[in-house]
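Top line first, the protein sequences correspond to chains A and B. Throughout the first sequence, residue numbering follows the numbering used here, covering 12 to 429 in sequence. Throughout the second sequence, residue numbering follows the numbering used here, covering 397 to 674 in sequence. Built from N, CA and C at the ideal position, the CB exists for glycine as well. Remember, predicted model here, so these are calculated numbers, not experimental data. This report concerns only the one structure given below.
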Amino acid sequence: MPKNSKGIEVAKILPEKCIGCQICVAECPVGAIEMSNGAAVIDPEVCIGCGKCFEVCPVEAVKFEKKRSPKKIRKPEEVAQYARDNYRGVAVFIESFNGQGATVSWELIGKARQLAEKLNTRVIGFLLGYEVNDSAREAIAYGCDEVHVIDDPLLRTYISKPYGKALTDLCKKVKPEIFLIGATPLGRDLAGIVATNLETGLTADCTGLDIEEEKNLLLMTRPTFGGNIMATIFCEHHRPQMSTVRPRVFKTPEKNPARNGNIYCHVLEPPHDKLPELIDFIKDVVSGDGVDISRFPALVVAGKGACDLETMPLLEELANLVGGIVACSRPVVEAGLMPYDRQVGQTGKTVAPKLYLGIGVSGAVQHLVGMQGSEKIIAVNADPKAPIFNVADVGIIGDYKKVVPVLIEELKKRKLRN
Amino acid sequence: MHFICCIKQVPDTSKVKIDPETNTLIRSGVESIANPYDMVALEAALTLKDTCGGKLTVLSMGPPQAEQVLREAISCGADEAILLSDRAFAGADTLATSYALTRAIEKLAQKTPVDIVCCGKQAIDGDTAQVGPGIATRLGYTQFTYVTEIKEIDTVNARITVKRKVEGGSEIIRGPLPCVLTVELELAKPRRASLPRLIHSLKSEIGVWNAEAIHGDNQKLGLKGSPTWVKKIFSPPFKEGGPRFDARENPRQAVEDCLKTLLADETFAFHLLKQWGQ
């Protein structure tokens, strides 16, 4: 261990491991740590060798040998502190549009059931809107044990303030320990308001949710740095533990209309502020045919490597053959060959078809995050090193212009045989 | 009118990667840039200022180097720049960030009342889109997220009309000022600085505020004020991938081998060849 001039054994940060989160900077009691070129650096002459930075570093980037007592174990009373506050149950926000529940809400109820079983607690639905009783019953059929509803004409369309206040009020009354919201435009607008009002933690766009067994905390995993890195986040001291989740990350559970559950109606206490008014709704003029690629069981996805006009009819034929439709990666949209709503990936649509057939798709991370949930992935690419092959169930290395016609022929043969 | 634009300095995320061998961040060649969404917010604020007149203050929170993005904003036309920089702000999550920014906006508003706060819809390093709504909620301002167009600003009745993205389309919505706008990239194309402005920006003074300056409650700032903590960081799950067949010599053989592998899963084969039962 390196010593400073006072003979204190100091901590050192390994710059290649440091992720620049600055947690140690804030934690250091003597201000010995500073940021330099995006990495934390410890001034050895100021360091008192307390090891606090070592304890808080999420990536083990601090080199420090502990001499004193092993890490303090949290007292059981402390652990119980938050359970004492009576936050119980896993809640889901049920997004409703024109009396129809959003699919992502049902997906979240399915996940909430799994979490609730681990915690031995109930699944709660929060539903806001006007004339939304059908959605409340549907939420029970998908797995809610109870649904709390605020049904009011003021909530007919979504306006941030009244929705934010109504949902905050419900959380304060019902006190769930976990609260999940679909990461739709509406859900993301709303979640930030509620978390700020409740002064609790909110983790955006989670792709994985689980329970840590020691303290029963929610572990929320999400892509960060544009999908290049995954981070697992937790919220120990505040309730509810809130998270938004993108559509199609979790599977829709089976619906059971015979399921029992309770519906509680609450009264809206509207905010006193002057509210915005909705003037118009312009439905997306879907360029071309208005298809929603996320609804097809099979997708033939054109990538940068298959980005030319002549190929398109061939891909259409292949798509017809596998009962799907042609989609694409971002470069194809940028080249003007396909409309934006056919784009798969982080800035496009998240898809999870039964069959994903990538033609000339190299597999940039931003594309992969939008399709990794696909059941079977086939990749055709001329570059044997293309990252798409790492997520593909089966790959063909070669020129798509030679491969696709053969693929079409062979598929036709097999279909005839069946 | 008084406009405020919040700008974050972010690493160029497209260049941040994890070394698969050592599981550590590869940092070399990763430069800091102004969050692209925030530059569109700046353009929106500048356009509003051009239309209505008034003052534009830019605000950032980060280490001392973050003043670089504020100078960039001044070079584009911002009048005043404030950098929130203090050890006490370090390690802030979105809740603690919106708290610090709100305290700063409140302080600015004491001098000159604020009409519109412009933010990018999200920052490209975290992609949370939570700070904008956090600021709007704390200030009690009207909140418009995912704004793609500013339709009209009515200074007489203190209200604004915007077009914003919603599920399946866009809505036109009119609401009272003061407000917070979070903007989409398509709203505007950021302008370029003129040479005189560029020189002016280099000479401009950037106000640096610490926790004391914004009268921040230390329990709500930085790491202490952050309910969420990072437990661990890792590379996205790495998959080997299935078998690969080389079609460069014999495409037919490769396709046959590929289909054989794929259709070995009988249930899958059945559904595929029967068009998923449709």
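(message) Give me, in chain order, the residues of the same chain whose beta-carbon lies closer than 7 Å to that of A:V90; leave out the 5 immediate sequence neighbours on both sides.
(response) Here residue 90 of chain A refers to the residue found at position 79 when the first sequence is read from its first residue. For A:V90, the predicted model reports a pLDDT of 49, less than 50, meaning its position is unreliable; a value from the coordinates is still stated below. Once the five neighbours on either side are set aside, the close Cβ partners of A:V90 are K226.
(message) Quick check on the DSSP output: what are the complete beta strand (DSSP E) runs of length 3 or more inside the stretch 387-427 of chain A, in order along the chain?
(response) DSSP runs (the beta strand (DSSP E)) wholly in the stretch 387-427 of chain A: 387-392 and 405-408.
(message) Among A:G371, A:F245, A:V260 and A:D319, whose alpha-carbon lies nearest the alpha-carbon of A:V311?
(response) The residue labelled residue 311 of chain A in the question sits at position 300 within the first sequence. The option with the nearest alpha carbon to A:V311 is A:G371.
(request) May I ask you to report which of helix, strand or coil DSSP gives A:F65? (result) Translated into positions along the first sequence, residue 65 of chain A becomes position 54. In the structure shown, A:F65 falls within a helical segment according to DSSP collapsed to helix, strand and coil.
(request) Closer than 9 Å by beta-carbon distance: list the chain B residues that pair up with A:N429, in chain order. (result) On the first sequence, position 418 is the one that residue 429 of chain A refers to. Residues of chain B passing the Cβ test: A665, F666, L669 and K670.
(request) Classify B:K503 as helix, strand or coil using the three-state DSSP reduction. (result) In the second sequence, counting from the first residue as 1, residue 503 of chain B sits at position 107. In the structure shown, B:K503 sits in a helix (DSSP, three-state: H, G or I).
(message) So with CB distances below 8 Å, who are the chain A contacts of B:P639?
(response) Counting from 1 along the second sequence, the entry for residue 639 of chain B is found at position 243. Correct list: V405 and G406.
(request) Using a Cβ-Cβ cut-off of 8 Å, state whether A:V21 counts as contacting chain B. (result) For the purposes of this step, residue 21 of chain A is taken as the residue at position 10 of the first sequence. Cβ-Cβ to chain B under 8 Å: no for A:V21.
(message) Spatial neighbours of A:A9 within its chain, please: C-beta separation below 6 Å, excluding the five flanking residues on both sides.
(response) A query on residue 9 of chain A cannot be resolved here, the shown segment of chain A reaching from 12 to 429 and no further.
(message) Within the continuous alpha helix (DSSP H) that includes A:T322, where are the two ends?
(response) Walking along the first sequence from the start, residue 322 of chain A turns up at place 311. T322 to L332 is the extent of the alpha helix (DSSP H) around A:T322.
(request) Can you tell me the Cβ-Cβ gap for A:A22 and A:V73, rounded? I've got them flagged as a contact below 8 Å. (result) Translated into the one-based positions of the first sequence, residue 22 of chain A becomes position 11. Translated into the one-based positions of the first sequence, residue 73 of chain A becomes position 62. Indeed, because the Cβ distance is near 5 Å, the residues count as touching under 8 Å.
(request) Could you name the residues of chain A that B:A486 contacts, counting a contact when the two beta carbons are closer than 7 Å? (result) As a first step, residue 486 of chain B is located in the second sequence; it is residue number 90 there, counting from the start. Near B:A486 (Cβ distances below 7 Å), the residues of chain A are Q33, V36 and A37.
(message) Whole angstroms are fine: how far does the CA of A:V414 sit from the CA of A:I204?
(response) Residue mapping note: residue 204 of chain A aligns to position 193 of the first sequence, counting from 1. Residue mapping note: residue 414 of chain A aligns to position 403 of the first sequence, counting from 1. For A:I204 and A:V414, the distance between alpha carbons rounds to 52 Å.
(request) For B:K404, write down the residues that DSSP places opposite it in a beta bridge. (result) The residue labelled residue 404 of chain B in the question sits at position 8 within the second sequence. Bridge partners of B:K404: none, in fact.
(request) Apply the 10 Å Cβ neighbour rule to A:C276 and answer buried if 16 or more other Cβ atoms are within range, or exposed otherwise. (result) As a first step, residue 276 of chain A is located in the first sequence; it is residue number 265 there, counting from the start. A:C276 comes out exposed.
(request) Scan the stretch 275-292 of chain A for residues whose Cβ lies nearer than 8 Å to a Cβ of chain B and list them as they occur along the chain. (result) Within the stretch 275-292 of chain A, the qualifying residues are D284, K285, L286, P287, E288, L289, I290, D291 and F292.
(request) Output the residue ranges of the beta strand (DSSP E) runs that lie fully inside the stretch 95-131 of chain A and measure 3 residues or longer, sorted by chain position. (result) Entirely contained in the stretch 95-131 of chain A, the beta strand (DSSP E) runs reaching 3 residues are, in chain order, 101-105.
(message) Here's a check: name, in chain order, each residue in its chain whose Cβ is nearer than 7 Å to the Cβ of B:E545, leaving out the five neighbours to either side.
(response) Taking the first residue of the second sequence as 1, we reach residue 545 of chain B at position 149. Within the same chain, B:E545 has close Cβ partners V558, K559 and L583.
(message) Checking 8 Å against the spacing of the C-beta atoms, do B:A496 and B:L617 come in under that value?
(response) By one-based count along the second sequence, residue 496 of chain B stands at place 100. By one-based count along the second sequence, residue 617 of chain B stands at place 221. The criterion of a C-beta distance shorter than 8 Å is satisfied by B:A496 and B:L617.
(message) Assuming contact is defined by CB atoms lying nearer than 8 Å, are B:V543 and B:E580 in contact in what I supplied?
(response) In the second sequence, residue 543 of chain B corresponds to position 147, counting from 1. In the second sequence, residue 580 of chain B corresponds to position 184, counting from 1. Contact: yes.
(request) Name the residue from A:L325, A:S385 and A:I222 whose alpha carbon lies nearest to the alpha carbon of A:A127. (result) Working through the first sequence from its first residue, we reach residue 127 of chain A at position 116. Among A:L325, A:S385 and A:I222, the Cα nearest to that of A:A127 is on A:I222.
(request) Would you kindly report the start and end of the unbroken alpha helix (DSSP H) that includes B:P572? (result) Here residue 572 of chain B corresponds to residue number 176 of the second sequence, with the count starting at 1. Boundaries around B:P572 are those of the beta strand (DSSP E), G565 to P572, since no alpha helix (DSSP H) includes it.
(request) Note the first and the last residue of the continuous beta strand (DSSP E) segment covering B:T663. (result) What you label residue 663 of chain B is simply residue 267 of the second sequence in a count that begins at 1. Per DSSP, B:T663 lies in no beta strand (DSSP E) segment; the continuous alpha helix (DSSP H) that holds it begins and ends at E662 to L669.
(request) Compare the Cα-Cα distances from B:G571 to each of B:S590, B:W672, B:C654 and B:K547 and report the closest residue. (result) Against the second sequence, residue 571 of chain B aligns to sequence position 175. When B:S590, B:W672, B:C654 and B:K547 are compared, the shortest CA-CA separation from B:G571 is found for B:K547.
(request) Can you grab the Cα-Cα spacing for the pair A:G140 / B:C515, in whole Å? (result) The count along the first sequence starts at 1 and reaches residue 140 of chain A at position 129. The count along the second sequence starts at 1 and reaches residue 515 of chain B at position 119. Distance from the CA of A:G140 to the CA of B:C515, rounded to the nearest whole angstrom, comes to 29 Å.
(message) DSSP three-state label for A:P187, please.
(response) On the first sequence, position 176 is the one that residue 187 of chain A refers to. If DSSP states are grouped into helix, strand and coil, A:P187 belongs with coil.
(request) Under 6 Å Cβ to Cβ from A:K82, same chain only, skipping five residues before and after it: list those, please. (result) Reading the first sequence from its first residue, position 71 is the one you call residue 82 of chain A. Low per-residue confidence applies at A:K82: pLDDT is 45, beneath 50, and the placement is therefore not dependable enough to give any value.
(message) What are the residues in the stretch 640-657 of chain B lying within 8 Å of chain A by C-beta distance?
(response) Going along the stretch 640-657 of chain B in chain order, one finds R640, F641, D642, A643, R644, P647, R648, A650, V651, E652, C654, L655 and T657 with a Cβ nearer than 8 Å to chain A.
(message) I want to verify the contact list: residues of chain A whose CB lies under 8 Å from the CB of B:E636, in sequence order.
(response) Mapped onto the second sequence, residue 636 of chain B falls at position 240. Those within 8 Å of B:E636 in chain A are N401.
(request) Report all residues from its chain with a CB closer than 6 Å to the CB of A:I84; omit the five preceding and five following residues, and keep chain order. (result) Here residue 84 of chain A refers to the residue found at position 73 of the first sequence. Summary for A:I84: the model assigns pLDDT 49, below 50, so the residue's position carries little reliability; its value from the coordinates is reported in the next sentence. None.
(request) Going by CA-CA distance only, name the one from A:S373, A:L166 and A:P398 that's closest to A:A177. (result) Indexing the first sequence from 1 puts residue 177 of chain A at position 166. Among A:S373, A:L166 and A:P398, the Cα nearest to that of A:A177 is on A:L166.
(request) Determine the chain B residues that contact A:V73 at a beta-carbon separation under 7 Å, and present them in chain order. (result) Within the first sequence, the letter at position 62 stands for residue 73 of chain A. Residues of chain B whose Cβ lies closer than 7 Å to the Cβ of A:V73 do not exist, since the nearest Cβ in that chain is about 13 Å away.
(request) Quick one: list the residues of chain A neighbouring B:R483, beta-carbon separation under 7 Å, in chain order. (result) Translated into positions along the second sequence, residue 483 of chain B becomes position 87. Going along chain A in sequence order, the residues near B:R483 (Cβ under 7 Å) are V36, A37 and G42.
(message) Just to confirm the assignment: which complete beta strand (DSSP E) runs, minimum length 3, are found wholly within the stretch 139-173 of chain A?
(response) List check, beta strand (DSSP E) in window: 157-162.
(message) Can you list, in chain order, the residues of its chain with a C-beta nearer than 6 Å to that of A:L181? Leave out the 5 residues immediately preceding and following it.
(response) Position 170 of the first sequence, counted from the start, is the residue given in the question as residue 181 of chain A. Beyond the five residues adjoining it in sequence on each side, A:L181 comes within less than 6 Å, by CB distance, of F137 and H159 in the same chain, given in chain order.
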